[in-house]
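K.L.:
Dropping the structure in here first, questions after.
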Amino acid sequence: DAGITQSPRHKVTETGTPVTLRCHQTENHRYMYWYRQDPGHGLRLIHYSYGVKDTDKGEVSDGYSVSRSKTEDFLLTLESATSSQTSVYFCAISEGGGTGTGELFFGEGSRLTVL
Amino acid sequence: AQRVTQPEKLLSVFKGAPVELKCNYSYSGSPELFWYVQYSRQRLQLLLRHISRESIKGFTADLNKGETSFHLKKPFAQEEDSAMYYCALTKAAGNKLTFGGGTRVLVKP
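Chains V and F, in that order, are what the protein sequence lines are. Here this note's numbering is used: the first residue of the first sequence is 1, the next is one more, and so on. Here this note's numbering is used: the first residue of the second sequence is 1001, the next is one more, and so on.
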């Protein structure tokens, strides 16, 4: 498995509280992504990063923010969690580059429940 | 905007039977298509991509630009093929994947 770890792996929180999920990689890959996985919707991109301090929005970015201050870490923050953000969150990385390999390597996922 | 549709949420087949997972996409440019698989208790991983034209674990997929499809096929399903399968698309040389809703495959003995 590619060196990707997510923390926490499981979290239960209450509506209105802030939550931060962490993705750590040891592969020195340029691109990092946060997806959420929901039944019927597959995986939807929340935010991604193409370098330190370089991030961009995905298709479901509302209510989420990200930060990447180091190559190896990509943080996803829910400023004020809502029940609609109950999901499984996956971090992924890719080498990227001019040819765009498209192969993503995924973490094990973080299951978040917002009560 | 790019979109990937997997019309079947669940496919149930018997061991040894053929299996075909449908994937249709909409994209105005030149796409690159992929199939990812998630086995029970394992990480999501790449199964195959159309540009490599290879067969992985007996699976093949052909990109049909006329029908905007990238269906995944295997002539003889095995129990170990039971998993969740996702079709995904990116623009040529792109680095951002759009996934379909996924198809769960159950291969019965």
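Backbone N, C-alpha and C define an ideal beta-carbon position, used for all residues, glycine too.
1) Rounded to a whole number of angstroms, what is the C-alpha to C-alpha distance between Leu115(V) and Ser87(V)?
2) Could you compute how far the alpha carbon of Lys1009(F) sits from the alpha carbon of Thr1090(F)?
3) Determine, using beta carbons only, whether His24(V) comes closer than 7 Å to chain F.
4) Between Thr26(V) and Phe1059(F), what straight-line distance do the alpha-carbon atoms span, to the nearest angstrom?
5) Is Asn1095(F) close to chain A, meaning its C-beta is less than 7 Å from at least one C-beta of that chain?
6) Count the other CB atoms, across all protein chains shown, that sit within 10 Å of the CB of Leu1044(F); report buried if there are 16 or more and exposed otherwise.
7) For Glu79(V), is the classification buried or exposed, using 16 other Cβ atoms within 10 angstroms of its Cβ as the cut-off for buried?
8) So within the segment 1035-1069 of chain F, which uninterrupted beta strand (DSSP E) runs reach at least 3 residues, ignoring any that extend past its ends?
9) Please list, in chain order, the chain F residues whose beta carbon lies closer than 8 Å to that of Glu119(V).
10) Do Gln37(V) and Ser110(V) have their C-beta atoms closer together than 7 Å?
11) Considering only C-alpha positions, which residue in the set Pro1007(F), Tyr1025(F) and Ser1012(F) is nearest to Asn1064(F)?
12) Can you give the Cα-Cα distance for Glu59(V) and Met1084(F), rounded to whole angstroms?
13) Counting only Cβ-Cβ distances shorter than 8 Å, please list the residues of the segment 72-90 of chain V near chain F, keeping chain order.
14) According to a CB-to-CB cut-off of less than 7 Å, which residues of the segment 1028-1044 of chain F neighbour chain V?
15) In chain F, which residues lie less than 7 Å from Leu104(V) when you measure between Cβ atoms?
16) Between which two residues does the beta strand (DSSP E) holding Asn1024(F) run?
17) Determine the direct distance from the alpha carbon of Arg22(V) to that of Pro8(V), and round the result to whole angstroms.
18) Buried or exposed, going by whether 16 or more other CB atoms sit within 10 Å of the CB of Asn1095(F)?
19) Between the Cα of Pro1031(F) and those of Gly1016(F), Gln1006(F), Ser1040(F) and Arg1049(F), spot the shortest distance and give me the residue it belongs to.
20) Please list, in chain order, the chain F residues whose beta carbon lies closer than 7 Å to that of Ser110(V).
P.N.:
Concretely, from the data shown:
1) Roughly 12 Å between the two C-alpha positions.
2) The straight-line gap from Cα to Cα measures roughly 22 Å.
3) Not an interface residue.
4) When rounded, the separation of the alpha-carbon atoms in Thr26(V) and Phe1059(F) is 31 Å.
5) Of the chains in the structure shown, none is chain A; the protein chains are V and F.
6) Buried.
7) Exposed is the call here.
8) If we require 3 residues or more, the beta strand (DSSP E) runs fully inside the segment 1035-1069 of chain F come out as 1045-1049 and 1060-1064.
9) In the structure displayed, chain V extends from 1 to 115; residue 119(V) sits before or after that span and is not available.
10) No.
11) If you compare the alpha carbons of Pro1007(F), Tyr1025(F) and Ser1012(F) with that of Asn1064(F), the shortest gap goes to Tyr1025(F).
12) The straight-line gap from Cα to Cα measures roughly 22 Å.
13) So the list reads Phe90, given in the order they occur along the chain.
14) Going along the segment 1028-1044 of chain F in chain order, one finds Glu1032, Phe1034, Arg1043 and Leu1044 with a Cβ nearer than 7 Å to chain V.
15) Within chain F, the residues placing a beta-carbon under 7 Å from that of Leu104(V) are Leu1097, ordered along the chain.
16) Residue range Asn1024 to Ser1026 is occupied by the beta strand (DSSP E) that includes Asn1024(F).
17) Computed Cα separation, rounded: 7 Å.
18) Buried, since its Cβ has 16 or more Cβ neighbours within 10 Å.
19) Cα-wise, what sits closest to Pro1031(F) is Arg1049(F).
20) Within chain F, no residue has its CB atom less than 7 Å from the CB of Ser110(V), the nearest being about 13 Å off.
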